[in-house]
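Student: Sharing a structure below in structure tokens format, with a few things to ask.
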Amino acid sequence: MNQIEQMQQHLRAADGVPAVLSAGWGAFELVQAVATAYADQSADMYPAFTFARGAAVSGRNAIACAPSMPGGYAALPVMTPPAAGDVYEVAGAVAGLASALSARLREAAGLAADAGDRTACEDAALDAEQISALLAKGT
Amino acid sequence: MPSAVFGDFCAAADEHITAAVLAGNAPVTLPDPAAEDLCRLVAVLSRYCGDLAPCDEVEASGRNDLQAWERAVIDAGTALRIAGDRLRRGAAETAGDQTGTAPQRARHLAAAATALRTGRDLLHTHLVTDPAGLARGTSEWAPVVTSLPVLRALANEIGRWSRQLAPLAALLASAAAQHTAPGGQGHNVPVTARSEFASASGWLEAAGAAVRAALDIDPVRTSDMELLYSVPPAMAPERRRPGSAGGSVAELCDGIAVSASRLRSGMRHSGERARWSPAVTSGGWQWMAQAAAVTCHLSELALRSLATRASDFASLPVSQTQLDAAADCMAGMRTAWQHVDRLWDGMITERKLLPTSAMTDASDLVLRLGRLVWDNPHWTPAHAQRAPLRSPPVMAPRAADVTAVMAAVHQAIDALAVVAKADGQGVDTASAAGRLYVPTRSLPGEYDVPRPFAPAPVTQCEVLHEAYGGALDATLTTARALDELAVSAGTPSKVLALARAAALLQCPQPGNQNQPGDGNVPGRLTVGASFRESRTSTGRAGPVEQTIRDHGVSDPIILLRAAAIDNAAWRLITQAENAAEMSNPPGTAKSERATVATPAQLAAQSFPHDAAARPSDQRPSRSARQALSSGIHVTRRSW
Chain A
2 MNQIEQMQQH
12 LRAADGVPAV
22 LSAGWGAFEL
32 VQAVATAYAD
42 QSADMYPAFT
52 FARGAAVSGR
62 NAIACAPSMP
72 GGYAALPVMT
82 PPAAGDVYEV
92 AGAVAGLASA
102 LSARLREAAG
112 LAADAGDRTA
122 CEDAALDAEQ
132 ISALLAKGT
Chain B
-3 MPSAVFGDFC
7 AAADEHITAA
17 VLAGNAPVTL
27 PDPAAEDLCR
37 LVAVLSRYCG
47 DLAPCDEVEA
57 SGRNDLQAWE
67 RAVIDAGTAL
77 RIAGDRLRRG
87 AAETAGDQTG
97 TAPQRARHLA
107 AAATALRTGR
117 DLLHTHLVTD
127 PAGLARGTSE
137 WAPVVTSLPV
147 LRALANEIGR
157 WSRQLAPLAA
167 LLASAAAQHT
177 APGGQGHNVP
187 VTARSEFASA
197 SGWLEAAGAA
207 VRAALDIDPV
217 RTSDMELLYS
227 VPPAMAPERR
237 RPGSAGGSVA
247 ELCDGIAVSA
257 SRLRSGMRHS
267 GERARWSPAV
277 TSGGWQWMAQ
287 AAAVTCHLSE
297 LALRSLATRA
307 SDFASLPVSQ
317 TQLDAAADCM
327 AGMRTAWQHV
337 DRLWDGMITE
347 RKLLPTSAMT
357 DASDLVLRLG
367 RLVWDNPHWT
377 PAHAQRAPLR
387 SPPVMAPRAA
397 DVTAVMAAVH
407 QAIDALAVVA
417 KADGQGVDTA
427 SAAGRLYVPT
437 RSLPGEYDVP
447 RPFAPAPVTQ
457 CEVLHEAYGG
467 ALDATLTTAR
477 ALDELAVSAG
487 TPSKVLALAR
497 AAALLQCPQP
507 GNQNQPGDGN
517 VPGRLTVGAS
527 FRESRTSTGR
537 AGPVEQTIRD
547 HGVSDPIILL
557 RAAAIDNAAW
567 RLITQAENAA
577 EMSNPPGTAK
587 SERATVATPA
597 QLAAQSFPHD
607 AAARPSDQRP
617 SRSARQALSS
627 GIHVTRRSW
């Protein structure tokens, strides 16, 4: 959960299109890692985490296409083994992260001067929204 | 409305031929249109034989390697061609001005010819002939259409109809003897018309006799007929959108069968498209692998639920153990698909995901299975729609519901076998065409690639290829376990089991590319299969099935029963070994363990063809390796 909160802070602090893209890459990677780790923790959440993983990979790949995406190796987030019973909370937290990510990517799309950046941000924002829709607790 | 199957046309033709024969008391007055209609009907039957024959009669006369049914269709085809020729000549000689409505008999014969022509067209939808004259399958039913069981069943029907039609030709001969030529000159028609019809009658009898000879050697099984009658056209049924209000268990099961059928159909040619089509993307492949994993998960839950319900119905021919064993296979299959899914994390194509019709159908399949398993008619994979499991008595209140749910799961898994094969081929094609990339940002720091993506390394493509192979093996193993259940319980999906078994028995028709071993047909064991081999454990024929095959038995039901015995033996031996392991902790002396393992060894040795001293270092198949490794360790960053 700490990692998710840290990532949200990182996203909030990102300034400018390249920084949002870089933070977005990390956020998608984190979602992917969390979804992989938690998918098998609860039978009823398996489908949601599995499809959320796919959306995270898709969003990350969309960002990779952005011309302003900074180069260089991105470290893989280290996941701690999940504690039993936290699955639903974690899903909710990831949904929150994805929602924040989507908002930042939309902002970045609005700011981007390059059409390639705009498209990449909009595509990735759609993936983030899908993650949020899959993992949010609902009303 | 379910689409027509070959049996519908066969039944219609049968009805009309019987009606035409039963109209035998009606007088024949030449010119009778029945002569021409009979001629057309016989021509259609002759074309069926031409489709089935491995070679023509000239080549056949010099061959001694033809099986009884191959010889039968060649001989019957020759006889029918001659009969048709005689009928045509007889009809031409007795032709005259015909006005008004054709007599009832002629109408029945014409209707039978139309039904059989349409049925033949239906069979031909599964095959196309390429410019080189080779017949290529266009659907997953193609190997069934060219199989021995279908040949037997169809040839048998042709023989039966030929025998039924012979008296009609004789009746025409008798009418010709009394016929007065048009114009009322008092001249009888030439004697040749009578002899042509009489000869046609004899040749029709000969066609029937040719088939009867094969029947004596290799009888037609009920399952052959069932299979023939079940052949559908190579077209997808219309999509049924999952309703927002869920639906009853029966509706969900029907919907799953439709979605599975559409999914199978949607996967056709996707492998070829992978070279160029922008609609074929890494996102699509990954999504499909995820949908497959989720389908396995939901199917496993459904089978576990049915397993707890099985003991409540004494009449149910499948046991809790069998259902649990199938659910265990499902778990292994999910692991294999997850492996594929995770490999896609690091590979992409040049295009972002574009939804395809196959994805829509796979999505419908997941939704329906989810609504079957979870107690929420509005279920979707989203967290917000999660619900408790549907209780077993609610999912299957009656024994018939158990078999209906089993059939639905069978349909879903069978469709995934098609997906595994098609996507595996597609990925190979895309890899060969250089369409697979990795994000350079995901490469280690020493790689300095000034572009966002780089071509995927060959080793990574090979790993993906292997993963698809593993998913196909695991899916086929599960499908075979469900085949057994379907045949035992007589579910509507039983035909999938018969089709899979029949596809192993190919006829050497000219240009037939559907040979055993092609695609998803498991390989044959050589000599002395061990009880370690079974369709469930390694995906290969076990000792009982192999022995049955070695005796030349091709009855799909017998082969499925043999496979079931092998699977049961393997499970028993594994169970015995596990029990032995538990009673012998790691510190136990080797000699002591050997004594405890004796019952399993005895069981294995009791089979006459089993090499009891088979060395234990025999390399397991890919699926066995997969099944044995309890969890495939996947490093996400394998690049």
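Residue numbers (the working numbering), protein chains in the order written: chain A, 2 to 140; chain B, -3 to 635. All C-beta atoms in this analysis are idealised placements derived from N, C-alpha and C, irrespective of residue type, glycine included. Please read all numbers here as calculations on a predicted model, not as lab measurements.
(1) Mind listing which residues of the stretch 115 to 126 of chain A have their C-beta closer than 7 angstroms to chain B's C-betas, in chain order?
(2) Taking its Cβ as the centre, do 16 or more other Cβ atoms sit within 10 Å of Gln7/A, making it buried, or is it exposed?
(3) I need the DSSP call for Trp272/B, collapsed to helix, strand or coil.
(4) So, does the CB of Leu106/A fall closer than 8 angstroms to a CB anywhere in chain B?
(5) Could you check the C-alpha separation between Ala109/B and Thr317/B for me, to the nearest Å?
(6) Could you tell me which chain A residues have their CB closer than 7 angstroms to the CB of Ile344/B, listed as they occur along the chain?
(7) Would you mind stating whether Ser197/B and Ala72/B have Cβ atoms separated by less than 8 angstroms?
(8) Identify which residue in Asp128/A, Phe52/A, Leu136/A has its Cα closest to the Cα of Arg107/A.
(9) Could you pull the DSSP bridge partners for Gln502/B from this structure?
(10) Can you tell me whether Ala275/B sits near the ligand MN, meaning its C-beta is under 7 angstroms from at least one heavy atom of the ligand?
(11) Tell me the residue span of the alpha helix (DSSP H) that contains Pro50/B.
(12) Please report the straight-line C-alpha distance between Thr74/B and Gly420/B, rounded to a whole angstrom.
(13) Going by DSSP, what residues sit across from Thr125/B in a beta bridge?
(14) Establish whether the CB of His379/B and some CB of chain A are separated by less than 8 angstroms.
(15) Is the shortest distance between the beta-carbon of Leu31/A and the beta-carbons of chain B less than 8 angstroms?
(16) If Ala253/B and Gln407/B are in contact, beta carbons under 8 angstroms, what's the gap, nearest whole angstrom?
(17) Using a Cβ-Cβ cutoff of less than 6 angstroms, which residues in the same chain neighbour Met670/B once the five nearest sequence positions on both sides are dropped?
(18) By Cβ distance, which residues of its chain are closer than 8 angstroms to Lys138/A, with the 5 residues on each side in sequence left out?
(19) Quick one: Cα of Ser42/B to Cα of Ala499/B, how far?
(20) Given this structure, state the Cα-to-Cα distance separating Met402/B from Ala482/B, to the nearest angstrom.
(21) Within the continuous beta strand (DSSP E) that includes Phe449/B, where are the two ends?
(22) Can you pull the chain A neighbours of Ala289/B, defined as C-beta to C-beta under 7 angstroms?
(23) Arg382/B touches chain A at which residues, Cβ-Cβ below 8 angstroms?
(24) State the start and end residues of the unbroken alpha helix (DSSP H) segment that holds Val434/B.
(25) Among Ala358/B, Glu55/B, Asp117/B, Leu34/B, which residue has its Cα nearest to the Cα of Arg77/B?
(26) Since His293/B meets chain A, which of its residues come closer than 9 angstroms, beta carbon to beta carbon?
(27) Which whole-angstrom value describes the C-beta separation of Val18/A and Leu112/A, a residue pair presumed to lie in contact below a C-beta threshold of 8 angstroms?
(28) Can you name the residues of chain D whose CB is closer than 7 angstroms to the CB of Ala134/A?
(29) Would you call the stretch 280 to 291 of chain B and the stretch 323 to 335 of chain B touching, i.e. three or more CB-CB distances under 8 angstroms?
(30) Could you pull the DSSP bridge partners for Ile344/B from this structure?
(31) Whose C-beta lies closer than 7 angstroms to the C-beta of Ala28/A among residues of the same chain, with five residues either side of it excluded?
(32) Near Leu119/B, what residues of its chain come up, given a Cβ to Cβ distance below 6 angstroms and the 5 sequence neighbours on each side ignored?
(33) Along the stretch 92 to 106 of chain A, what residues have a CB closer than 7 angstroms to any CB found in chain B?
(34) Please confirm whether Arg256/B and Asp47/B have their CB atoms less than 8 angstroms apart.
(35) Specify whether the stretch 485 to 494 of chain B and the stretch 414 to 429 of chain B touch according to this definition: at least 3 beta carbon pairs, one from each stretch, less than 8 angstroms apart.
(36) Which residues of chain A have a Cβ atom closer than 9 angstroms to the Cβ of Trp340/B, listed in chain order?
Tutor: Reading off the structure:
(1) Taking 7 angstroms as the Cβ-Cβ cut-off, the stretch 115 to 126 of chain A approaches chain B at Asp124, given in chain order.
(2) Locating residue 7/A in the first sequence gives position 6, where the first residue counts as 1. Here Gln7/A is exposed: its Cβ has fewer than 16 other Cβ atoms, across all protein chains shown, within 10 Å.
(3) The residue labelled residue 272/B in the question sits at position 276 within the second sequence. Assigned with DSSP and collapsed to three states, Trp272/B falls in coil, not helix or strand.
(4) Looking up residue 106/A in the first sequence gives position 105. No, its Cβ sits nowhere closer than 8 angstroms to a Cβ of chain B.
(5) To locate residue 109/B, count along the second sequence from 1; it is residue 113. To locate residue 317/B, count along the second sequence from 1; it is residue 321. A direct Cα-to-Cα measurement between Ala109/B and Thr317/B gives close to 50 angstroms.
(6) Position 348 of the second sequence holds residue 344/B. Correct list: Asn62.
(7) What you label residue 197/B is simply residue 201 of the second sequence in a count that begins at 1. What you label residue 72/B is simply residue 76 of the second sequence in a count that begins at 1. Cβ atoms of Ser197/B and Ala72/B: not closer than 8 angstroms.
(8) Locating residue 107/A in the first sequence gives position 106, counting from the first residue. Ranking Asp128/A, Phe52/A, Leu136/A by Cα distance to Arg107/A puts Asp128/A first.
(9) Against the second sequence, residue 502/B aligns to sequence position 506. Bridge partners of Gln502/B: Ser143/B.
(10) For the ligand MN, the structure offers nothing, since it holds no ligand at all.
(11) Along the second sequence, read from residue 1 onward, the residue named residue 50/B stands at position 54. Judged by DSSP secondary structure, Pro50/B falls outside any alpha helix (DSSP H); it is assigned neither H nor E.
(12) Walking along the second sequence from the start, residue 74/B turns up at place 78. Walking along the second sequence from the start, residue 420/B turns up at place 424. The straight-line gap from Cα to Cα measures roughly 44 angstroms.
(13) If you number the second sequence from 1, residue 125/B lands on position 129. In the DSSP secondary-structure assignment, Thr125/B is bridged to Ala131/B.
(14) Position 383 of the second sequence, counting from 1, holds the residue named residue 379/B. True, the Cβ-Cβ gap to chain A drops below 8 angstroms.
(15) Residue numbering aside, residue 31/A sits at position 30 when the first sequence is read from its first letter. No - not a single Cβ of chain B is within 8 angstroms of the one on Leu31/A.
(16) Locating residue 253/B in the second sequence gives position 257, where the first residue counts as 1. Locating residue 407/B in the second sequence gives position 411, where the first residue counts as 1. 5 angstroms between Cβ atoms; contact.
(17) Summary: the structure shown does not reach residue 670/B, with chain B confined to residues -3 through 635, and so no result is reported for it.
(18) Taking the first residue of the first sequence as 1, we reach residue 138/A at position 137. These residues qualify, in order along the chain: Tyr89, Ala92, Gly93, Ala96.
(19) Locating residue 42/B in the second sequence gives position 46, counting from the first residue. Locating residue 499/B in the second sequence gives position 503, counting from the first residue. When rounded, the distance between both Cα atoms is 24 angstroms.
(20) As a first step, residue 402/B is located in the second sequence; it is residue number 406 there, counting from the start. As a first step, residue 482/B is located in the second sequence; it is residue number 486 there, counting from the start. The straight-line gap from Cα to Cα measures roughly 7 angstroms.
(21) As a first step, residue 449/B is located in the second sequence; it is residue number 453 there, counting from the start. Here the beta strand (DSSP E) through Phe449/B covers 449 to 451.
(22) Taking the second sequence and counting its residues from 1, one reaches residue 289/B at position 293. Residues of chain A passing the Cβ test: Thr51.
(23) Looking up residue 382/B in the second sequence gives position 386. What Arg382/B touches in chain A: Asp45, Met46, Ala49.
(24) For the purposes of this step, residue 434/B is taken as residue 438 along the second sequence, with counting starting at 1. For Val434/B, no alpha helix (DSSP H) encloses it; the enclosing beta strand (DSSP E) starts and ends at 433 to 435.
(25) For the purposes of this step, residue 77/B is identified with residue 81 of the second sequence, where counting begins at 1. It is Leu34/B.
(26) Taking the first residue of the second sequence as position 1, residue 293/B is located at position 297. Chain-ordered, the chain A residues with CB closer than 9 angstroms to the CB of His293/B read Ala44, Tyr47, Pro48, Thr51.
(27) Your numbering for residue 18/A matches position 17 in the first sequence. Your numbering for residue 112/A matches position 111 in the first sequence. Going by Cβ atoms, the distance from Val18/A to Leu112/A rounds to 6 angstroms, so yes, they are a contact pair.
(28) Going by chain labels, chain D is absent from the structure shown, which instead holds the protein chains A and B.
(29) Cβ pair count under 8 angstroms is three or more, so yes.
(30) Here residue 344/B is taken as the residue at index 348 of the second sequence, counted from 1. Per DSSP, Tyr433/B.
(31) Looking up residue 28/A in the first sequence gives position 27. Hits under 7 angstroms: Met8, Leu12, Leu98, Leu102.
(32) On the second sequence, position 123 is the one that residue 119/B refers to. Contacts found: Val141.
(33) Of all residues in the stretch 92 to 106 of chain A, Ala92 have a Cβ within less than 7 angstroms of some Cβ in chain B.
(34) As a position in the second sequence, residue 256/B is number 260, starting the count at 1. As a position in the second sequence, residue 47/B is number 51, starting the count at 1. A quick correction: the sequence has Ala, not Arg, at residue 256/B. Not closer than 8 angstroms, so no.
(35) They do not touch, by the three-pair rule.
(36) By one-based count along the second sequence, residue 340/B stands at place 344. Trp340/B reaches chain A at Gly55, Val58, counting residues in chain order whose Cβ is nearer than 9 angstroms.
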